[in-house]
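**Student:** Numbering (the working numbering), first residue to last: 8 to 135. C-beta atoms are modelled at their ideal positions from N, C-alpha and C, and glycine is treated no differently. This is the structure I have questions about; it appears just below.
Next comes the structure, spelled out in structure tokens:
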């Protein structure tokens, strides 16, 4: 399974779990999944995640007043169409709620961090 497939698989599992009002998700363990989950945990979209087995990650979703904190996750870059944001486009982004996760030369980070470090990269997803 390539990187984009494990990523889209994780996002679909999060969406399905959110609609079913469950707390835990199990998805494939990969470096990009762990980096994105670190960002989601730091930004307060999920409670925690841990490596359940060698190839499986357990994700604990965060709920507020019986509703998931994550409203939606939209995949921006797809295997058939890669989307890149340069620093000028990142500076123009004004999102009231939510984050855009970007893969840069300095690693995976939010659009706010990319603006701070003054670098662009491939836009992975939009979480709100």
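By the DSSP assignment, the beta strand (DSSP E) with residue 55 in it spans what residues?
**Tutor:** For the purposes of this step, residue 55 is taken as the residue at position 48 of the chain shown. Where residue 55 is concerned, the enclosing beta strand (DSSP E) stretches over 53 to 60.
**Student:** Would the region 30 to 40 count as touching the region 56 to 66 if we require 3 or more Cβ pairs under 8 Å?
**Tutor:** With a cut-off of 8 Å, the region 56 to 66 and the region 30 to 40 count as touching, because enough Cβ pairs lie within range.
**Student:** Assuming residue 90 and residue 129 make a contact with CB atoms under 8 Å, what is their CB distance in whole Å?
**Tutor:** Locating residue 90 in the chain shown gives position 83, counting from the first residue. Locating residue 129 in the chain shown gives position 122, counting from the first residue. Rounded, the Cβ-Cβ distance is 7 Å, consistent with contact.
**Student:** Give the range of the alpha helix (DSSP H) segment to which residue 46 is assigned.
**Tutor:** Along the chain shown, one-based indexing puts residue 46 at 39. Unbroken alpha helix (DSSP H) run through residue 46: 38 to 50.
**Student:** On the DSSP bridge list, what partners appear for residue 34?
**Tutor:** One-based indexing of the chain shown puts residue 34 at position 27. 64, per the DSSP bridge assignment.
**Student:** Would you mind working out which of 34, 62 and 71 sits nearest residue 51, comparing C-alpha positions?
**Tutor:** Working through the chain shown from its first residue, we reach residue 51 at position 44. Out of 34, 62 and 71, 71 has the C-alpha closest to the C-alpha of residue 51.
**Student:** Could you pull the start and end residues of the alpha helix (DSSP H) that residue 94 belongs to?
**Tutor:** Residue 94 sits at position 87 when you count from the first residue of the chain shown. 94 to 99 is the span of the alpha helix (DSSP H), which, as asked, contains residue 94.
**Student:** Within 10 Å of its beta-carbon, does residue 92 have 16 or more other beta-carbons around it, so buried, or fewer, so exposed?
**Tutor:** Counting from 1 along the chain shown, the entry for residue 92 is found at position 85. So residue 92 counts as buried.
**Student:** Pull the bridge partners of residue 74 from the DSSP assignment, please.
**Tutor:** Within the chain shown, numbered from 1, the residue matching residue 74 stands at position 67. Beta-bridge pairing links residue 74 to 71.
**Student:** Just reading off the beta strand (DSSP E) that residue 90 is part of, what are its end residues?
**Tutor:** Sequence index remark: in the chain shown, residue 90 carries index 83 (1-based). It is not in any beta strand (DSSP E) - residue 90 carries neither H nor E in the DSSP assignment.
**Student:** Taking the alpha-carbon positions, what's the residue 104 to residue 111 distance?
**Tutor:** Against the chain shown, residue 104 aligns to sequence position 97. Against the chain shown, residue 111 aligns to sequence position 104. Taking the straight line from one Cα to the other gives about 22 Å.
**Student:** Out of 95, 113 and 80, which one is the CA nearest neighbour of residue 47?
**Tutor:** The sequence position of residue 47 within the chain shown is 40, counting from 1. Considering only alpha carbons, the answer is 80.
**Student:** Relative to the C-alpha of residue 60, which residue among 36, 69, 45 and 73 is closest?
**Tutor:** By one-based count along the chain shown, residue 60 stands at place 53. If we check each option's Cα against that of residue 60, 36 comes out closest.
**Student:** Please identify the residue among 32, 85 and 95 whose C-alpha is closest to the C-alpha of residue 12.
**Tutor:** Here residue 12 is taken as the residue at index 5 of the chain shown, counted from 1. Ranking 32, 85 and 95 by Cα distance to residue 12 puts 85 first.
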